[in-house]
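Using my numbering, the letters of the sequence shown correspond one by one to residues 6 to 681.
Quick reminder that beta carbons are idealized off the backbone N, C-alpha and C, glycines included.
Report on one structure; see the data block that follows.
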Amino acid sequence: MSRGAKIALYSVAGVVAVLVLGVALLLNFDWNRAKPWISSHVSTATGRAFAINGKLALTWHAPQGEQGWRGWVPWPRLAAHDVVFGNPDWAHDPVMARAREVTFSISPLPLLNKKIVIPSLALDAPELSLQRLDDGRNNWTFGSKGGQSKWQFELQRLILNKGTIRLQDAIKHAKLKADINTLDDGGKENYRLGWRVAGTYNDEEVSGQGRAGGVLSLQKQNLQYPVDASVRIGKTSIDAKGTLTDPRQLVALDLQLKIASVSMAQLYPIIGVVLPETRPFMTEGRLHGSPGPHGGNWVYENFTGKMGASDLSGSLHYRGREGRHEERPLLEGTVASSFLNFNDLSPLIGADSAASRKERGSKTVQPPDKVLPVESFRAERWNSIDADVQFSGRKIVRKEELPIDDLVTRIHLRDGVISLAPLKFGIAGGNLVSNITLNGKSKPVKAELKLSARHMKLRQLFPVLQSQQAATLGEINGDAALTASGNSIAELLATSDGEIKAVINQGTMSKLLLEKMGLNIGSIIVTQMFGDKPVQINCAATDFVVNKGIMHAQAFVVDTADATIHVTGNINLAKEQLAMMIYPDTKGVRLISLRSPLHLDGTFKKPKVGIDKGTVALKAGSAIALGALAPVAAALIPLVNVGPGEKSECGMLLAQATAKPVAPTASRKSENTSGK
């Protein structure tokens with residue numbers, strides 16, 4: 006053998022001997038002596054106190070996922086007992102985590118670059134305390150001591166066994182405790198952990214349970230982590246099943262989500278989205294998206310559900326402030342109801358029953374003598390989000406006396422201002438279109454209402470009259486414009502200013518109804534004995550001027566072939582009081598006629614109709630009625646011929662009254678007097 010070959014052989018043998026000696030030393034080395042070194046370097050890399058108070062043992066294993074020569078370098082696996090990991094200096098509790106046993110691998114090659122890479126960390130009986138302050142600081146973000154260390158720390162996977170996790174979050178007002186157990190059924194559906202949670206969230210009681218995967222990948226963003234949870238927060242229950250990607254950052258979430266509560270408004274403290282007060286509801290659909298520092302991007306699509314006795318369906322898209330110049334997130338989408346029970350809309354304005362208000366958590370007590378809702382708006386929430394949501398009720402389920410067929414509106418919320426533009430009702434064969442604006446930036450809330458009613462059929466508007474033999478025909482057209490300020494429906498109406506006007510043309514109505522209004526007792530008896538018949542309406546017109554919540558009847562006239570009814574007086578919306586006088590003037594001879602005006606007074610809750618017994622009515626007649634109508638007739642005429650080519654008796658009478666007010670003649674006066 007040549008001298009060179011001998012040198013090579015001795016060199017190889019020497020290297021092998023050194024390796025064998027090194028392996029022997031590593032296998033027989035008392036690694037407990039290395040605890041101070043390990044604790045010091047982990048503490049330096051993380052900026053936290055770290056200690057191994059129990060035994061430390063070492064084993065070796067083949068690396069996973071390494072290619073080439075790196076796959077031949079064995080990784081050490083350390084098993085440490087009684088491990089304690091500290092909190093940052095600002096935390097009240099010095100300990101963030103402790104575990105009965107911690108098993109972790111170390112990738113040796115990154116140590117050459119002063120980087121501690123732990124491919125997997127398994128915690129047995131861990132006690133983990135997570136904390137976040139209201140300024141955003143949290144104890145799960147690591148940094149080196151003084152920020153000057155060249156050592157870096159990277160944890161790739163976390164494996165949990167039975168233990169406890171506590172969370173105190175000042176931003177979310179959360180104080181939660183979760184108990185974790187290893188599931189007995191092993192890897193069924195990839196769920197290895199079961200958990201139970203209890204505590205408070207935004208001052209609401211929290212309870213729940215669920216299942217989750219046993220391994221959390223903290224580095225691979227494409228690895229899906231399975232979750233299955235059922236949680237109750239206050240009066241709201243949430244069931245979710247699906248996957249999340251990168252649990253550390255919540256890169257993506259894809260869940261089948263079911264939500265139920267006593268009112269949609271109950272979701273505001275949980276998700277921060279302004280929703281209206283409703284009947285108890287339940288929805289179920291797919292939620293997918295990703296969170297972010299300003300709300301993230303979420304889609305709740307193809308959901309279905311119930312609200313009270315109504316059904317719901319639709320899709321909603323929530324966009325956080327990321328990528329938007331506005332200061333608020335945006336909620337967009339469509340919501341529809343194929344069968345909408347009109348009573349289910351009453352909580353929107355606080356008009357539901359006391360039992361319903363108590364169930365949804367409202368502390369407002371409706372006065373027993375008041376009809377108008379006094380529940381306050383939650384305007385302080387309106388500036389938290391912008392919204393553009395289309396809502397439609399395709400078929401309205403309602404009482405017979407409320408002939409509403411469908412409902413369509415577009416809900417806009419921007420910069421604290423809510424608008425329903427437009428709010429359309431299909432009602433009584435016609436339509437009722439309104440634009441409503443509520444400015445939540447004003448204190449109190451300022452409101453504007455513009456309303457237009459067209460082609461509403463008397464036959465459908467008063468279906469109770471159809472039970473009589475005489476049919477009720479004709480149309481109602483009207484307009485309203487109001488402004489107001491207040492923090493409830495009652496306050497808004499109590500401060501309202503504006504005008505309300507309407508006309509009926511080309512119609513007929515029950516003669517029996519007119520006879521009862523005219524108190525013609527004999528004719529009532531005859532009519533009831535021999536049957537009713539329709540009476541032609543020449544003109545019916547109303548014009549109310551509203552000033553500081555008081556509706557004054559500037560004109561209120563019904564003129565028919567058989568009678569003229571003239572109404573005067575006021576309606577006090579603030580006090581909910583009526584003060585009206587009804588003057589019926591019959592045309593022709595009646596068997597018996599009290600010929601006295603009627604009082605309509607009392608409250609909205611308990612209206613009263615009575616006879617003026619102290620005076621004898623001086624009937625004005627149809628000419629006087631139209632004469633009184635003349636000052637406002639010009640404003641009412643546009644409501645009459647709303648369709649092309651229509652002819653209107655009411656329109657001609659209004660035009661006549663506008664052109665030349667008619668005064669009562671002597672013959673008419675004598676006729677009225679003789680008929681007393």
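Cβ-based burial, residue 363 [other Cβ within 10 Å; buried from 16]
As a first step, residue 363 must be located in the sequence shown, where it is residue number 358. Classification for residue 363: exposed.
Determine the closest residue to residue 585 out of 568, 567, 560, 564, with distance taken between C-alpha atoms.
Against the sequence shown, residue 585 aligns to sequence position 580. Closest option to residue 585, Cα to Cα, is 560.
With DSSP as the reference, label residue 137 as helix, strand or coil.
Along the sequence shown, one-based indexing puts residue 137 at 132. Reduced to three states, the DSSP call for residue 137 is strand.
Within the continuous beta strand (DSSP E) that includes residue 57, where are the two ends?
In the sequence shown, residue 57 corresponds to position 52, counting from 1. Segment 55-57, the beta strand (DSSP E) holding residue 57.
Exposed or buried, which one is residue 387 when buried takes at least 16 other CB atoms within 10 Å?
Along the sequence shown, one-based indexing puts residue 387 at 382. It is buried - the Cβ of residue 387 has at least 16 other Cβ atoms within 10 Å.
For residue 499, count neighbouring Cβ atoms within 10 angstroms of its own Cβ and tell me buried if that reaches 16, exposed if not.
Along the sequence shown, one-based indexing puts residue 499 at 494. It is buried - the Cβ of residue 499 has at least 16 other Cβ atoms within 10 Å.
Taking three-plus beta-carbon pairs below 8 Å as touching, is the segment 191-210 in contact with the segment 236-243?
yes
Where does residue 476 sit, in a helix, a strand or coil, going by DSSP?
As a first step, residue 476 is located in the sequence shown; it is residue number 471 there, counting from the start. The predicted model places residue 476 with a pLDDT of 46, which falls under 50 and marks its position as unreliable; any figure quoted below should be read in that light. Here residue 476 sits in coil by DSSP.
Return the CA-CA distance between residue 284 and residue 349, expressed in angstroms with no decimal places.
The count along the sequence shown starts at 1 and reaches residue 284 at position 279. The count along the sequence shown starts at 1 and reaches residue 349 at position 344. The straight-line gap from Cα to Cα measures roughly 6 Å.
Quick one: what does DSSP say residue 386 is sitting in, helix, strand or coil?
Looking up residue 386 in the sequence shown gives position 381. Residue 386 falls in the helix class under three-state DSSP.
Between residue 565 and residue 543, what straight-line distance do the alpha-carbon atoms span, to the nearest angstrom?
Here residue 565 is taken as the residue at index 560 of the sequence shown, counted from 1. Here residue 543 is taken as the residue at index 538 of the sequence shown, counted from 1. Answer to the nearest angstrom: the Cα atoms are 5 Å apart.
DSSP on residue 259, reduced to helix/strand/coil?
Within the sequence shown, numbered from 1, the residue matching residue 259 stands at position 254. In the structure shown, residue 259 sits in a strand (DSSP, three-state: E or B).
Give the straight-line distance between the Cα atoms of residue 357 and residue 135, rounded to the nearest whole angstrom.
Translated into positions along the sequence shown, residue 357 becomes position 352. Translated into positions along the sequence shown, residue 135 becomes position 130. Those two C-alpha atoms are separated by around 43 Å.
Closer than 7 Å by C-beta to residue 459: which residues in its own chain qualify, once you throw out the five before and the five after it? Chain order, please.
Within the sequence shown, numbered from 1, the residue matching residue 459 stands at position 454. Closer than 7 Å at the Cβ level, and outside the excluded window around residue 459, lie 435, 436, 482, 647.
Determine the DSSP secondary structure at residue 380, reduced to helix, strand or coil.
Taking the first residue of the sequence shown as 1, we reach residue 380 at position 375. Coil at residue 380, not helix or strand.
If you follow the alpha helix (DSSP H) that residue 100 is in, where does it begin and where does it stop?
Numbered from its first residue, the sequence shown carries residue 100 at position 95. Not the alpha helix (DSSP H): residue 100 falls in the beta strand (DSSP E), residues 100-110.
Considering just the uninterrupted stretch of the alpha helix (DSSP H) at residue 362, what are its terminal residues?
In the sequence shown, counting from the first residue as 1, residue 362 sits at position 357. Here the alpha helix (DSSP H) through residue 362 covers 359-364.
Between residue 259 and the rest of its own chain, which residues show a CB-CB distance below 7 Å, the 5 nearest in sequence each way excluded?
Here residue 259 corresponds to residue number 254 of the sequence shown, with the count starting at 1. Counting only Cβ-Cβ distances below 7 Å, and skipping sequence neighbours, we find 247, 248, 293.
For residue 455 and residue 433, which I take to be in contact (beta-carbon distance under 8 Å), what is that distance rounded to the nearest angstrom?
If you number the sequence shown from 1, residue 455 lands on position 450. If you number the sequence shown from 1, residue 433 lands on position 428. In fact, because the Cβ distance is near 20 Å, the residues do not count as touching under 8 Å.
Any contact of the segment 86-97 with the segment 50-63, i.e. 3+ C-beta pairs under 8 Å?
yes
Counterpart residues of residue 146 in DSSP-defined beta bridges:
In the sequence shown, counting from the first residue as 1, residue 146 sits at position 141. Paired residue(s): none; residue 146 is not in a bridge.
Given residue 548, which residues of its chain have a CB within under 6 Å of its CB, disregarding the five upstream and five downstream residues?
Translated into positions along the sequence shown, residue 548 becomes position 543. Excluding sequence neighbours, residue 548 sits near 506, 559, 560, 637.
Residues bridged to residue 461 (per DSSP):
Counting from one through the sequence shown, the residue named residue 461 turns up at place 456. Paired residues: 481.
Can you pull the DSSP bridge partners for residue 320?
By one-based count along the sequence shown, residue 320 stands at place 315. 339.
Taking C-alpha atoms, which residue in 480, 546, 338 lies nearest to residue 416?
Start at 1 with the first residue of the sequence shown, and residue 416 comes out as number 411. Among 480, 546, 338, the Cα nearest to that of residue 416 belongs to 338.
Report the residue from 591, 102, 615, 195 whose alpha carbon sits nearest the alpha carbon of residue 168.
For the purposes of this step, residue 168 is taken as the residue at position 163 of the sequence shown. Cα-wise, what sits closest to residue 168 is 102.
Grouping DSSP H, G and I as helix and E and B as strand, with all else coil, what is residue 299?
To locate residue 299, count along the sequence shown from 1; it is residue 294. In the structure shown, residue 299 sits in coil (DSSP, three-state: anything other than H, G, I, E or B).
Give the single residue among 125, 137, 303 whose Cα lies nearest to the Cα of residue 162.
If you number the sequence shown from 1, residue 162 lands on position 157. Of the listed residues, the one whose Cα sits closest to residue 162 is 125.
Using the rule of at least 16 other Cβ atoms within 10 Å of the residue's Cβ for burial, across every protein chain shown, is residue 369 buried or exposed?
To locate residue 369, count along the sequence shown from 1; it is residue 364. Residue 369 comes out exposed.
Taking only three categories from DSSP, how would you classify residue 649?
Mapped onto the sequence shown, residue 649 falls at position 644. Note that residue 649 has pLDDT 47, beneath the 50 cutoff, so the model's placement of it is unreliable and the number below is only indicative. Correct three-state label for residue 649: coil.
Using the beta-carbon count (16 or more within 10 Å), is residue 376 buried or exposed?
Residue numbering aside, residue 376 sits at position 371 when the sequence shown is read from its first letter. With fewer than 16 other Cβ atoms within 10 Å, it is exposed.
Report the three-state DSSP secondary structure of residue 93 (helix, strand or coil).
In the sequence shown, residue 93 corresponds to position 88, counting from 1. In this structure, residue 93 counts as coil in the three-state DSSP scheme.
Thinking just about the alpha-carbon of each residue, which of 400, 38, 63, 244 is nearest to the one in residue 316?
Taking the first residue of the sequence shown as position 1, residue 316 is located at position 311. When each option's Cα is compared against that of residue 316, the closest is 400.
Whole angstroms are fine: how far does the CA of residue 323 sit from the CA of residue 304?
Within the sequence shown, the letter at position 299 stands for residue 304. Within the sequence shown, the letter at position 318 stands for residue 323. Going by the C-alpha atoms only, they are around 6 Å apart.
For the alpha helix (DSSP H) holding residue 42, just list the boundary residues, first then last.
As a first step, residue 42 is located in the sequence shown; it is residue number 37 there, counting from the start. Segment 40-51, the alpha helix (DSSP H) holding residue 42.
Assuming residue 61 is part of the beta strand (DSSP E), what are its boundary residues?
Locating residue 61 in the sequence shown gives position 56, counting from the first residue. From DSSP, the beta strand (DSSP E) with residue 61 extends over 61-66.
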